[in-house]
Structure formats: C-alpha cells, structure tokens
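In my numbering, the protein residues as written are 1 to 174.
Dropping the structure here:
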C-alpha cells in the first residue's frame, strides 16, 4: 500500500471520508500547485465545491487566470470523487478532457462537481450489463454567484468492474 493510501486510510478513520478527501487534496502538493482549494464536500461525496482564487501564482500575461490553472484545478476531482463513491469493486480512470474558454477570468472562480444518486445507480446498472463504460461530465468554472461562466471542462471518465478490468489487462499482457 502506498504512503498516500495509508495516509488516506488513517485520515478516513480519524476524520471521516469526506474530510479526509478535502484535507488530503488541499495539502497534496499535486493539487496545491493548481492554486485551487476544495471548499466543501458533502458527507456522501456527491458534491464537491472548489475555489480558484486569482493570484500572482496563476495570472497570465494579460492578468487573467492562466488556462492551465483552470484545467488543473478541475482535473483530478471528478475521477477521484467517483472512485470514492463507487468503492473498490470498480476501476475509474480519466480518459480525456477538453476545456472551452468563454471569457478571461479576472476574479476568483468556482466550480461544483455533482453526481446524483440517479447517476450513480445508472452507472452501476450499466456496468453490471456492459462491464465497462465511459461517461462525460461537464464542469463549469463560474463567478461566485454563478452569473458568469469563464470556461467549461468536459471530462470523459472510463469506469469498469474491477474483475472485468483485471481480465482485460491479463488478456492484453498475454
């Protein structure tokens, strides 16, 4: 077990799953470099809210938030969130992402990652019959009051049953 997984297991025991996720991300060098911060996570992990503050660390040549910062702030959340919600019987990978810029962000921006109970049940039903699927989540980075959209990130996420995935990898390696 990796040091990271051991830390998450300990933090989950001490603070609960959603708090371990929040604080684990916020102290992780990988996520801190994006300059974003997880603000809140629902106890059931279905809703994650982030903030990307504008600062000297992420301003570009024209004093707006660098597109790479917007992208990296959103990149790991949906996949990791879904992995946590689905549990150990599933394999979840980011497959691809696209970012669509709408306007320059010259203020703090926010995003909310939401999975509904319906989506989760639909994913599980599809995996039971199809064994592997892809889904697309669209995340909007907006002003605090959500009246302005600065960009959209379209994330394609691969999901498979763990047993199917292990067999697939075994066949690939023979």
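We put the CB at the ideal spot given by N, CA and C, even for glycine.
Residue 62 carries a coil assignment under DSSP once its states are collapsed to helix, strand and coil. Between the C-alpha atoms of residue 94 and residue 63 there is a straight-line separation of about 30 Å.
DSSP, reduced to helix, strand and coil, places residue 117 within a helical segment of the structure shown. Taking a C-beta distance under 8 Å as the contact criterion, residue 26 and residue 37 qualify as a contact pair.
Counting along the chain, residue 160 sits inside the beta strand (DSSP E) bounded by residues 149-161. Just measuring C-alpha positions, the residue of 53, 72, 143, 81 sitting nearest residue 116 is 81. Between residue 90 and residue 133, the CB-CB gap reaches or exceeds 8 Å.
Of 68, 34, 47, 23, the smallest CA-CA separation from residue 112 is found for 47. C-alpha of residue 39 to C-alpha of residue 165: approximately 33 Å in a straight line.
For residue 105, there is no enclosing alpha helix (DSSP H), as DSSP marks it with neither H nor E.
Measuring C-alpha to C-alpha distances from residue 149 to each of 101, 31, 123, 87 identifies 101 as the nearest.
Short of 6 Å from the beta carbon of residue 137, and not among the five residues preceding or following it, lie these beta carbons of its own chain, in chain order: 78, 155. The criterion of a C-beta distance shorter than 8 Å is not satisfied by residue 106 and residue 139. Taken in chain order, the complete alpha helix (DSSP H) segments of 4 residues or longer contained in the segment 12-45 are 17-27, 29-32. Under the three-state reduction of DSSP, residue 99 is assigned to strand. Annotation: the continuous beta strand (DSSP E) that includes residue 135 extends over 132-142.
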